[in-house]
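Visitor:
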Amino acid sequence: MNAVSTTSAERVRADLVRARSARSARESLIKGLLFLAALLSVATTTAIVVTLLQQTISFFGEVSPLAYFAGTKWTPLLSGDQQSFGVLPLLWGTFYLTGIGLLVAVPCGLLAAIYLAEFAKPKVRKTVKPILELLAGMPTIIFGYFALTFVTPVILRDVFGIPVSEFNGLAAGLVLGLLVTPTIASVAEDAMRSVPQSLREGAYGLGAGRLQVALRVVFPAALSGIVAALILGASRAIGETVIILIAGGQSPSMSLNPTGSFQSMASFIAATARGDIPQGTLKYETIFVVGFTLFCVTLLLNAVSTRVVSRYRQVYE
Amino acid sequence: MSASTAGPNPDNQIPKAPAEVGVSGSVTDLTPYLPPVDSEYDLEMTDLKGPEEAPAPVEVIFDCSDVEVHYGEHRAIRDVSLSFGLREVTALIGPSGCGKSTFLRCLNRMNDLIPGAKVGGHVIYHGQDLYADEIDPVQVRKRIGMVFQKPNPFPKSIYDNVAFGPRVVGMEGDMDEIVERALVRGALWDEVKDRLTENAFGMSGGQQQRLCIARALATDPDVLLMDEPCSALDPISTGRIEDLMAELKERISIVIVTHNMQQAARVSDKTAFFTVEMAEDEKRRTGVVVEYDATDTIFTNPSDKRTEDYVTGKFG
Numbered sequence: 001m002n003a004v005s006t007t008s009a010e011r012v013r014a015d016l017v018r019a020r021s022a023r024s025a026r027e028s029l030i031k032g033l034l035f036l037a038a039l040l041s042v043a044t045t046t047a048i049v050v051t052l053l054q055q056t057i058s059f060f061g062e063v064s065p066l067a068y069f070a071g072t073k074w075t076p077l078l079s080g081d082q083q084s085f086g087v088l089p090l091l092w093g094t095f096y097l098t099g100i101g102l103l104v105a106v107p108c109g110l111l112a113a114i115y116l117a118e119f120a121k122p123k124v125r126k127t128v129k130p131i132l133e134l135l136a137g138m139p140t141i142i143f144g145y146f147a148l149t150f151v152t153p154v155i156l157r158d159v160f161g162i163p164v165s166e167f168n169g170l171a172a173g174l175v176l177g178l179l180v181t182p183t184i185a186s187v188a189e190d191a192m193r194s195v196p197q198s199l200r201e202g203a204y205g206l207g208a209g210r211l212q213v214a215l216r217v218v219f220p221a222a223l224s225g226i227v228a229a230l231i232l233g234a235s236r237a238i239g240e241t242v243i244i245l246i247a248g249g250q251s252p253s254m255s256l257n258p259t260g261s262f263q264s265m266a267s268f269i270a271a272t273a274r275g276d277i278p279q280g281t282l283k284y285e286t287i288f289v290v291g292f293t294l295f296c297v298t299l300l301l302n303a304v305s306t307r308v309v310s311r312y313r314q315v316y317e
Numbered sequence: 001m002s003a004s005t006a007g008p009n010p011d012n013q014i015p016k017a018p019a020e021v022g023v024s025g026s027v028t029d030l031t032p033y034l035p036p037v038d039s040e041y042d043l044e045m046t047d048l049k050g051p052e053e054a055p056a057p058v059e060v061i062f063d064c065s066d067v068e069v070h071y072g073e074h075r076a077i078r079d080v081s082l083s084f085g086l087r088e089v090t091a092l093i094g095p096s097g098c099g100k101s102t103f104l105r106c107l108n109r110m111n112d113l114i115p116g117a118k119v120g121g122h123v124i125y126h127g128q129d130l131y132a133d134e135i136d137p138v139q140v141r142k143r144i145g146m147v148f149q150k151p152n153p154f155p156k157s158i159y160d161n162v163a164f165g166p167r168v169v170g171m172e173g174d175m176d177e178i179v180e181r182a183l184v185r186g187a188l189w190d191e192v193k194d195r196l197t198e199n200a201f202g203m204s205g206g207q208q209q210r211l212c213i214a215r216a217l218a219t220d221p222d223v224l225l226m227d228e229p230c231s232a233l234d235p236i237s238t239g240r241i242e243d244l245m246a247e248l249k250e251r252i253s254i255v256i257v258t259h260n261m262q263q264a265a266r267v268s269d270k271t272a273f274f275t276v277e278m279a280e281d282e283k284r285r286t287g288v289v290v291e292y293d294a295t296d297t298i299f300t301n302p303s304d305k306r307t308e309d310y311v312t313g314k315f316g
């Protein structure tokens with residue numbers, strides 16, 4: 001080994017070592033920042049759950065869980081004998097209005113998705129897709145007033161002649177459907193577009209027509225994404241507050257007749273939290289109990305959706 | 001010099017096929033699984049004996065003249081004039097980007113699916129121009145099956161994959177039988193008969209590709225177009241598919257695009273050599289046919305220098 005090569009070996013070594021230590025310092029800094037960002041969201045969620053739980057436990061110290069979960073009368077803000085803490089009317093209102101909404105949103109959203117993904121010309125798709133996404137992000141208060149001042153008086157009463165009260169579940173549910181249609185359409189369209197072109201070609205090559213390719217190959221192949229779209233739409237409807245608050249009324253009901261007033265969990269929280277109920281009272285704690293119930297329902301739905309999606313997930317190379 | 005007339009086949013007569021190349025031995029008896037011989041195809045083909053005066057040894061199933069394809073402004077291939085014989089295997093070889101696949105996709109109107117693609121010239125199949133106005137491309141694809149470069153089974157069960165074609169075209173008869181027959185013809189039945197309800201994605205790549213072949217055979221096409229069907233497969237799977245092609249040839253015509261020259265030499269009766277032509281005024285590349293002849297001739301005694309350079313490995 002001669003002198004020259006020794007020197008160059010040392011230089012190479014020094015180079016390699018220096019680069020490594022400088023990079024590792026930078027990397028650990030970035031890693032720390034990323035960890036903090038992740039921690040922040042976890043900490044926030046934890047704080048929310050803890051707050052909800054505290055109040056909920058305190059609430060159940062005074063009201064029996066049976067009366068809460070099985071009771072059919074929700075009048076927590078009244079006093080004396082009139083007061084009742086049965087949450088079922090709120091659950092019913094939430095799911096009933098969501099159901100009306102999905103009755104509109106699922107067919108409309110899926111048909112729109114199939115059209116956009118498989119039939120629309122690129123130009124049409126490029127125009128419609130951003131509009132859909134814009135619609136999905138529109139403030140819901142606009143939808144709420146649209147339901148109250150247009151759907152109820154003009155569409156339901158004048159056009160269809162349905163004798164609905166001013167605040168009614170039908171208008172709220174229908175507009176809830178309008179709200180989640182773009183979400184379902186947009187997410188389902190993404191799922192269908194991500195089905196590889198080779199599957200379409202394979203089907204066309206076997207003599208399938210456009211509709212057959214769309215319905216028999218692309219739609220089932222995108223099923224996991226489509227289910228995710230539906231569940232996303234449903235959880236948006238379940239958590240939706242303002243539309244029901246404005247157009248659906250404020251009296252909880254377990255009626256099947258959608259022309260009357262309904263209240264959902266979220267709209268109860270919003271209506272009650274802006275009132276002047278003193279902290280620490282039982283009435284005040286109902287806000288948190290209902291919040292916790294809503295949290296659990298949404299969590300359950302997400303868990304189900306994760307399982308469904310992973311079960312039907314198809315990985316394409 | 002026009003490449004289309006460079007071949008020895010200016011009148012679209014098909015050169016005589018070479019004597020049968022030794023095909024791997026035992027062929028299972030497929031008779032019970034094959035469609036009846038006097039099917040509708042044979043009736044129609046009686047009108048298509050080829051030019052009377054020509055000593056045409058093989059019936060023509062495809063007669064293409066001056067085919068050209070544009071993708072938007074770009075001309076991908078030009079002046080492709082080739083004829084394919086009934087129950088023959090024709091190989092299309094040539095360097096990447098020479099338009100072999102583009103041409104292949106003209107034969108069952110798959111290019112219709114590519115936005116901006118335009119096909120010119122004539123593609124005559126059983127005497128009928130496939131690009132005539134009244135032709136329904138969906139009907140074309142029912143009769144001219146296709147197998148793609150990468151296996152593309154549907155995310156469904158093995159059974160449903162094979163049954164897909166018969167179902168969409170409304171084939172009559174017992175679906176179980178149709179599926180079994182297709183899988184036997186695709187040389188896959190023995191391997192999958194006990195797991196027909198399993199998802200096709202659980203199969204190996206070679207099995208998936210044979211499933212795709214079986215799927216294409218299920219509708220009883222009389223032509224199978226194969227676009228580099230073995231390029232994603234290992235040599236053993238490749239060998240199986242080549243054996244399969246030799247068996248299928250008894251009943252149907254096959255046009256195969258391949259980059260593997262040994263494969264072309266092994267499986268085909270005729271070979272067409274494509275190359276890329278760089279236009280002087282534009283920087284675009286256009287594919288043309290240099291030479292079309294019996295496979296033996298192409299590989300042992302080509303008449304064009306470019307073909308010789310390509311098959312001997314001096315170019316491409």
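Heads up: the protein sequence lines correspond to chains A and B, in order.
Position 30 (the first sequence) corresponds to 30 in full-length UniProt numbering; numbering is contiguous.
Position 149 (the second sequence) corresponds to 149 in full-length UniProt numbering; numbering is contiguous.
Just so it is clear, CB atoms sit at the ideal spot from N, CA and C, and this is done for glycine as well.
List the residues of chain B that A208 of chain A touches, going by C-beta distances under 7 Å, in chain order.
Guide: Near A208 of chain A (Cβ distances below 7 Å), the residues of chain B are V168.
Visitor: Taking a cut of 8 Å between CB atoms, which residues from the segment 103-121 of chain B lie near chain A?
Guide: N108, M110, L113 and P115
Visitor: Give the secondary structure of A91 of chain B by DSSP, where H, G and I count as helix, E and B as strand, and everything else as coil.
Guide: strand
Visitor: Who are the neighbours of F148 of chain B on chain A, taking C-beta pairs under 7 Å?
Guide: Within 7 Å Cβ-Cβ: S198, E201 and G202.
Visitor: When you compare the CB positions of Q55 of chain A and E201 of chain A, do they come within less than 9 Å of one another, or not?
Guide: no
Visitor: Assuming V89 of chain B and I254 of chain B make a contact with CB atoms under 8 Å, what is their CB distance in whole Å?
Guide: 4 Å
Visitor: Mark S310 of chain A as exposed unless 16 or more other C-beta atoms lie within 10 angstroms of its C-beta, in which case mark it buried.
Guide: exposed
Visitor: One question on the structure: do S268 of chain B and Q149 of chain B come within less than 9 Å of each other, judged by their Cβ atoms?
Guide: The answer is no: Cβ separation not under 9 Å.
Visitor: Using 9 Å as the threshold, is the C-beta distance between V162 of chain B and I144 of chain B below it?
Guide: no
Visitor: Would F201 of chain B and P137 of chain B qualify as a contact pair, given that the criterion is a beta-carbon distance under 9 Å?
Guide: no
Visitor: With the cut-off set at 9 Å, would you say residue 346 of chain A and G144 of chain A are in Cβ contact?
Guide: Residue coverage of chain A in this structure runs from 1 to 317, which leaves residue 346 of chain A outside it and unanswerable.
Visitor: Looking at the structure shown, is R18 of chain A part of a helix, part of a strand, or coil, going by DSSP?
Guide: helix
Visitor: Please check if any C-beta of chain B sits within less than 9 Å of the C-beta of A188 of chain A.
Guide: no
Visitor: Measure how close the beta-carbons of L217 of chain B and A182 of chain B come, nearest whole angstrom, since I'm counting them as under 8 Å.
Guide: 5 Å
Visitor: Mapping the DSSP letters down to three states, classify V297 of chain A as helix, strand or coil.
Guide: helix
Visitor: Along chain A, in chain order, which residues have C-beta atoms closer than 9 Å to that of residue 367 of chain B?
Guide: Chain B is shown from 1 up to 316; residue 367 of chain B falls before or after that span and cannot be answered.
Visitor: If we define contact as Cβ-Cβ less than 9 Å, is V309 of chain A a contact residue for chain B?
Guide: So, not an interface residue.
Visitor: What are the uninterrupted segments assigned as beta strand (DSSP E) that are 3 or more residues long and contained completely in the segment 121-184 of chain B, given in chain order?
Guide: 144-147
Visitor: Compute the Euclidean distance between the alpha carbons of V50 of chain A and L40 of chain A, then round it to the nearest angstrom.
Guide: Computed Cα separation, rounded: 15 Å.
Visitor: Can you say whether A278 of chain B is buried or exposed, counting buried as having 16 or more other CB atoms within 10 angstroms of its CB?
Guide: At residue 278 of chain B the sequence reads Met, which differs from the Ala that was named. It counts as exposed.
Visitor: What is the DSSP secondary structure of residue 329 of chain B, counted as helix, strand or coil?
Guide: Shown here, chain B extends from 1 to 316; a query on residue 329 of chain B therefore has no answer.
Visitor: Take the Cβ of K270 of chain B as the centre, count every other Cβ of all protein chains shown within 10 Å, and call the residue buried at 16 or more, exposed below.
Guide: buried
Visitor: Would D15 of chain A be called buried (16 or more neighbouring beta carbons within 10 Å of its own) or exposed?
Guide: exposed
Visitor: Relative to the alpha-carbon of T238 of chain B, which residue among B:P115, B:D129, B:A117 and B:P151 has its alpha-carbon at the smallest distance?
Guide: B:P151
Visitor: Bridge partners of S84 of chain A, per DSSP?
Guide: Partner(s): A:T75.
Visitor: What residue range does the alpha helix (DSSP H) around A188 of chain A cover?
Guide: G169 to R193
Visitor: Can you have a look at E240 of chain A and say buried or exposed, based on whether 16 or more other CB atoms are within 10 angstroms of its CB?
Guide: buried
Visitor: Enumerated in chain order, which unbroken segments of the alpha helix (DSSP H) with a length of 4 residues or greater are wholly contained in the segment 77-145 of chain A?
Guide: 88-114 and 122-136
Visitor: Do I114 of chain B and F274 of chain B come within 9 Å of each other at the CB atom, strictly closer than that value?
Guide: no
Visitor: Report the residue ranges of all beta strand (DSSP E) runs contained in full by the segment 240-282 of chain A; include only those spanning at least 3 residues, in chain order.
Guide: none
Visitor: Could you pull the start and end residues of the beta strand (DSSP E) that F62 of chain B belongs to?
Guide: Counting along the chain, the unbroken beta strand (DSSP E) around F62 of chain B starts and ends at V60 to Y71.
Visitor: Does DSSP put A223 of chain A in a helix, a strand or coil?
Guide: Sequence check: residue 223 of chain A is Leu here, not Ala. Three-state result, L223 of chain A: helix.
Visitor: Which residue comes first and which comes last in the alpha helix (DSSP H) that contains R251 of chain B?
Guide: That residue, R251 of chain B, is in no alpha helix (DSSP H); it is neither H nor E in DSSP.
Visitor: Please work out which residues of its chain come closer than 6 Å, Cβ to Cβ, to A19 of chain B, disregarding the five sequence neighbours upstream and downstream, and give them in chain order.
Guide: With a pLDDT of 47 at A19 of chain B, under the threshold of 50, the modelled position of this residue cannot be trusted; read the value that follows with caution. Cβ within range, chain order: n/a, list empty.
Visitor: What is the DSSP secondary structure of A264 of chain B, reduced to helix, strand or coil?
Guide: helix
Visitor: I need the straight-line Cα distance from T149 of chain A to I244 of chain A, nearest angstrom please.
Guide: 13 Å
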